[in-house]
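Working notes for the structure below.
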Amino acid sequence: MIRVGVNGYGTIGKRVADAVDAMPDMELVGIGKASPNHTADAAADRGYDIYVPEGREDRWDEVGMAVAGDVEDLIEASDIVADATPAGMGAEYRPIYEEYDTPALFQGGEEADVAEASFTARANYSEATDKDYVRIVSCNTTGLNRMFAPLHEEYGVERASITLVRCRGEHAVISADPVTLPSHHGPDALEVIPDMGPVTTMGMKVPTVRHHFHGINVELGETPSAAAVRDLLASQSRIHVVDGDLGVDSGWELQEFALDRGRDRMNLYENQIFEDSITMDGSQLHLFQSIHRESDVVPENVDAIRAMMGEADAAESIELTNDVMEIGDI
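Each step along the sequence shown adds one to the number in the working numbering, with nothing skipped, and position 42 is 138.
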């Protein structure tokens, strides 16, 4: 059993903790949590041991919440830590992970140089094998890499241009920085699949929640039919091609889609590619996809743990993760 600590229990961390806890080959040692709020109370209800930053124990005592120790105790007790702390804090924690000789994986909010490799299971699983520090690329880049990997293997990706319509977060207000041009997603995709042609990404933030949308144009090395591309993408376990007859054409409807299928926390781990948007113009592929910002990186964390610990190859790990989390069963 791989003993896993999850440091940070926010949007990503709580989902990673749930996934780790469900895996037959992993044991969740506990979670790192800074504040004794309702999220911490829910974690305690799930039976998770809670570890807090040193010196904050009194805050937890005041509200009657039990703690198992401090975060360094969690790090020491774990074979590996999934760091899901806010962006930038992972880099601050890395020296502590090193002090305890505990491997760690980081999220996409960290800079690439925090780790030895950037990771998407479908594209470069073996790059993380036996590494001590790995970064899971962002939710958007994860979604792009899942799409790029089969396209590049089958046809070659000569060039790509993507416009990312990014949900700003939980508050429907105009972002102070609505446009990022170019954005980090293209360079991050090439960190994972370096032999593709140029990838240019432009990002804009809009006052919506939970789902990002990508308008995608890819110049392929061949001229397949739209139907062939559709079938290729639909064959990927972490891509769901949304049937055009279902009437799903918004983030809200995707949330309902997830709820109606019993997905915990409205999780949609798979890319949601809209079938009717898949078109070919010569070698130019156009499509539209949605990425659930809260959950698409969660299975990547699980697979990275196995890769880093040398416990399974890509096919074995992805299949086990998918089976346990019911990914592709939608």
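C-beta: ideal position from N, C-alpha, C; glycine also. Computed from a predicted model, the values in this text were never measured in an experiment.
State whether the stretch 221-232 contacts the stretch 402-412, with contact taken as three or more CB pairs (one from each stretch) at a distance under 8 Å.
-> yes
Could you give the residue range of the beta strand (DSSP E) that holds P103?
-> The sequence position of residue 103 within the sequence shown is 7, counting from 1. In the sequence on display, residue 103 carries Asn and not Pro. First-last of the beta strand (DSSP E) with N103: 98-103.
L381 burial status per 10 Å Cβ neighbour count (16 or more: buried) = Along the sequence shown, one-based indexing puts residue 381 at 285. Answer is buried; the Cβ neighbour count reaches 16.
Look up L342 in the DSSP assignment and say whether it is helix, strand or coil.
-> Sequence index remark: in the sequence shown, residue 342 carries index 246 (1-based). Of the three classes helix, strand and coil, the one that applies to L342 here is helix, per DSSP.
Where R142 falls, given that 16 or more other Cβ within 10 Å makes a residue buried = Locating residue 142 in the sequence shown gives position 46, counting from the first residue. So R142 counts as exposed.
Segment contact, 8 Å Cβ cut-off, at least three pairs: the stretch 202-212 with the stretch 373-391 = no
Would you report the Cα separation of W156 and A115, rounded to the nearest angstrom?
-> Translated into positions along the sequence shown, residue 156 becomes position 60. Translated into positions along the sequence shown, residue 115 becomes position 19. Cα to Cα, the separation comes out at about 26 Å.
Rounded to whole angstroms, what's the CA-CA distance from M161 to M243? Just pull it up for me.
-> Position 65 of the sequence shown, counting from 1, holds the residue named residue 161. Position 147 of the sequence shown, counting from 1, holds the residue named residue 243. M161 and M243: Cα-Cα distance of roughly 44 Å.
What residues in its chain sit with their C-beta under 7 Å from that of A211, if we drop five residues either side in the sequence?
-> Working through the sequence shown from its first residue, we reach residue 211 at position 115. Within the same chain, A211 has close Cβ partners F202, Y229, V230, R231.
Outcome for G299 when other beta-carbon atoms lying within 10 angstroms are tallied against a minimum of 16 | Start at 1 with the first residue of the sequence shown, and residue 299 comes out as number 203. Buried: at least 16 other Cβ atoms inside 10 Å.
How is N220 classed by DSSP in three states: helix, strand or coil?
-> Position 124 of the sequence shown, counted from the first residue, corresponds to residue 220. Looking at N220 - three-state DSSP - the assignment turns out to be helix.
According to the neighbour-count rule (16 or more other Cβ atoms, all chains shown, within 10 Å of its Cβ), is Y105 buried or exposed?
-> Position 9 of the sequence shown holds residue 105. Result: buried.
3-residue-minimum beta strand (DSSP E) runs that sit fully inside the stretch 186-271, ordered along the chain = 200-202, 213-215, 229-232, 253-263
Output the distance between the C-alpha atoms of V163 and E195, rounded to the nearest integer angstrom.
-> What you label residue 163 is simply residue 67 of the sequence shown in a count that begins at 1. What you label residue 195 is simply residue 99 of the sequence shown in a count that begins at 1. The straight-line gap from Cα to Cα measures roughly 23 Å.
For H388, which of helix, strand or coil comes out of DSSP?
-> As a working mapping, residue 388 is identified with position 292 in the sequence shown. Strand.
Look up E168 in the DSSP assignment and say whether it is helix, strand or coil.
-> Indexing the sequence shown from 1 puts residue 168 at position 72. Of the three classes helix, strand and coil, the one that applies to E168 here is helix, per DSSP.
Identity of the residue in L328, H307, D137, G343 nearest K110 by Cα | The sequence position of residue 110 within the sequence shown is 14, counting from 1. It is D137 whose Cα lies nearest to the Cα of K110.
Which of the three DSSP states, helix, strand or coil, is assigned to K110?
-> Along the sequence shown, one-based indexing puts residue 110 at 14. In this structure, K110 counts as helix in the three-state DSSP scheme.
Please report how far the alpha carbon of P290 lies from the alpha carbon of V159, in whole angstroms.
-> Sequence index remark: in the sequence shown, residue 290 carries index 194 (1-based). Sequence index remark: in the sequence shown, residue 159 carries index 63 (1-based). Approximately 50 Å between the Cα atoms of the pair.
Exposure label - H248; buried when at least 16 CB within 10 Å | Along the sequence shown, one-based indexing puts residue 248 at 152. Label assigned to H248: buried.
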